[in-house]
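Beneath this line is the structure, given in structure tokens, with notes to follow.
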Amino acid sequence: MDARRIHYLRAMGVTPWISRTAAEPEPAPLTADGPEPVPLTRRAGSGSTSQDPLALDGMDLDALRASVAGCRRCPLHESRTQTVFGVGAAAADLLIVGEAPGAEEDRRGEPFVGRAGQLLDAMLAAVKQTRTTAYIANVLKCRPPNNRDPSAEEAACCAPYLQRQIELIQPRVILAVGRVAAHRLLEEDLPLGRMRGRLHTYGAQRIPLVVTYHPAYLLRRPSEKAKVWQDLLLAMSVFDGAGQ
Ligand code: URA
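Numbered according to my numbering, the sequence shown spans residues 2 to 245.
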């Protein structure tokens with residue numbers, strides 16, 4: 002394990018296991034729960050473009066970004082400074098999905114740039130990813146006032162945008178950070194602790210999906226960072242055997 006990775010793991014609050022020999026240690030074995038994919042029972046219209054009221058089907062990422070920038074589908078457009086579409090590689094292997102922009106993101110137009118974002122960067126670095134090699138997006142593209150939870154109506158209005166982003170990026174694995182993203186993508190409302198630690202799938206393409214804690218939660222509960230490290234390893238295990 003190289004020094005930079007050890008540094009980032011320590012920054013995440015995870016004590017890395019370092020081999021006493023010169024050999025590179027293998028990642029910890031995954032739990033007995035994983036990584037068997039869990040089939041997702043889909044509801045009509047989710048994870049596919051079978052319903053496309055916004056005619057997003059033909060749009061590429063740039064056109065989609067422009068469409069989001071002009072969106073007035075829900076009242077959040079009245080209070081936003083700007084929309085926060087997403088950042089990263091257009092063909093990223095790893096897609097991170099968070100909840101919604103906060104104050105800093107609303108000001109800067111980029112997801113996860115506040116304190117939680119710094120922790121997310123450290124999490125990504127620990128698995129040799131960055132915000133330019135991965136892709137980061139949110140369930141909502143506009144900031145809910147006072148950082149309240151997105152309402153079901155707001156999430157439903159924004160859903161086609163995230164759905165089209167996923168179709169265009171075609172990630173090899175999705176990491177849903179936090180309850181809101183996990184519930185939205187999996188259409189389940191289990192407690193987060195019961196969704197993490199195993200592989201789910203998203204959409205008709207059955208893209209592997211891993212659920213983990215939101216970095217903002219980790220800032221309040223640093224003791225949970227080791228679990229997030231396990232979740233990251235589970236997500237990255239999707240790449241195993243394919244040259245990653
Ligand atoms: N929290 C999120 O879920 N997304 C952001 O972009 C910032 C904070």
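All residues carry an ideal CB built from backbone N, CA and C; glycine is no exception.
Which first and last residues belong to the alpha helix (DSSP H) in which residue i is found?
i, result
"His-215", "Per DSSP, His-215 belongs to no alpha helix (DSSP H) and is neither H nor E."
"Val-229", "226-238"
"Ala-117", "116-127"
"Asp-138", "Here residue 138 is Ala; the residue named in the question, Asp, does not match the sequence. Unbroken run through Ala-138 is the beta strand (DSSP E), 136-139; no alpha helix (DSSP H)."
"Asp-61", "Note, Asp-61: premise wrong, no alpha helix (DSSP H); not H, not E."
"Leu-77", "77-80"
"Glu-106", "104-109"
"Glu-155", "153-170"
"Leu-193", "193-196"
For residue i, count the other beta carbons within 10 Å of its own beta carbon; 16 or more makes it buried, fewer makes it exposed. Which is it?
i, result
"Gln-206", "exposed"
"Pro-112", "buried"
"Leu-191", "exposed"
"Ser-238", "buried"
"Lys-129", "exposed"
"Ala-138", "buried"
"Gln-171", "exposed"
"Arg-197", "buried"
"Ala-153", "exposed"
"Leu-233", "buried"
"Arg-199", "buried"
"Asp-122", "buried"
Roughly how many angstroms separate the alpha carbons of residue i and residue j, rounded to a whole number?
i, j, result
"Ala-64", "Asp-107", "20 Å"
"Arg-66", "Tyr-162", "9 Å"
"Ala-156", "Cys-75", "9 Å"
"Gln-231", "Ala-90", "24 Å"
"Leu-31", "Arg-73", "With a pLDDT of only 32 at Leu-31, under the threshold of 50, the placement of this residue in the model should not be trusted, and no figure is reported."
"Leu-193", "Leu-187", "11 Å"
"Ala-126", "His-78", "33 Å"
"Pro-209", "Gly-71", "31 Å"
"Arg-222", "Leu-95", "25 Å"
"Met-60", "Ala-182", "23 Å"
Using CA coordinates, which residue listed in the options is at the minimum distance from residue i?
i, options, result
"Pro-93", "Asp-232, Thr-133, Arg-144 and Phe-86", "The residue you asked about is not Pro; residue 93 is Ala in the sequence shown. Nearest of Asp-232, Thr-133, Arg-144 and Phe-86 to Ala-93, Cα basis: Thr-133."
"Ala-101", "Arg-221, Lys-129 and Thr-84", "Thr-84"
"His-201", "Cys-72, Val-212, Leu-193 and Gly-99", "Val-212"
"Leu-55", "Ala-160, Ala-182, Leu-169 and Cys-143", "Ala-160"
"Arg-185", "Gly-204, Arg-199, Pro-172 and Glu-168", "Gly-204"
"Ser-80", "Ile-208, Arg-195, Arg-144 and Gln-164", "Arg-144"
"Asn-147", "Ala-227, Ala-104 and Ala-138", "Ala-104"
"Ile-167", "Val-114, Tyr-136 and Arg-149", "Tyr-136"
"Ser-68", "Arg-165, Val-98 and Leu-233", "Arg-165"
"Leu-120", "Ala-217, Asp-241 and Gly-59", "Ala-217"
In the DSSP assignment, the beta strand (DSSP E) including residue i goes from what residue to what residue?
i, result
"Leu-176", "174-178"
"Leu-95", "95-99"
"Thr-202", "201-203"
If we cut at 8 Å on Cβ distances, does residue i have a partner in chain D?
i, result
"Ala-177", "Chain labels in this structure do not include chain D; a single protein chain is all it has."
Leaving out five residues before and five after residue i in sequence, what residues of the same chain have Cβ atoms less than 7 Å from its Cβ?
i, result
"Arg-116", "Leu-220"
"Thr-82", "Asp-107 and Arg-108"
Take residue i and list the residues in its own chain whose beta-carbon comes closer than 6 Å to its own, dropping the five residues that flank it on each side.
i, result
"Ala-236", "Val-174, Leu-176 and Val-211"
"Gln-179", "Per the sequence presented here, residue 179 reads as Gly, with Gln not at that position. Only Glu-100 and His-215 meet the Cβ criterion."
"Cys-158", "Arg-74 and Cys-75"
Going by beta carbon distance, what residues of the same chain come within less than 8 Å of residue i, once the five residues before and after it are set aside?
i, result
"Leu-141", "Leu-77, Glu-100, Ala-101, Pro-102, Pro-151, Glu-155, Ala-156 and Cys-159"
For ligand 2, which residues have a Cβ under 7 Å from at least one heavy atom, in chain order? Of the ligands one can find in the structure shown, namely ligand 1, none is ligand 2.
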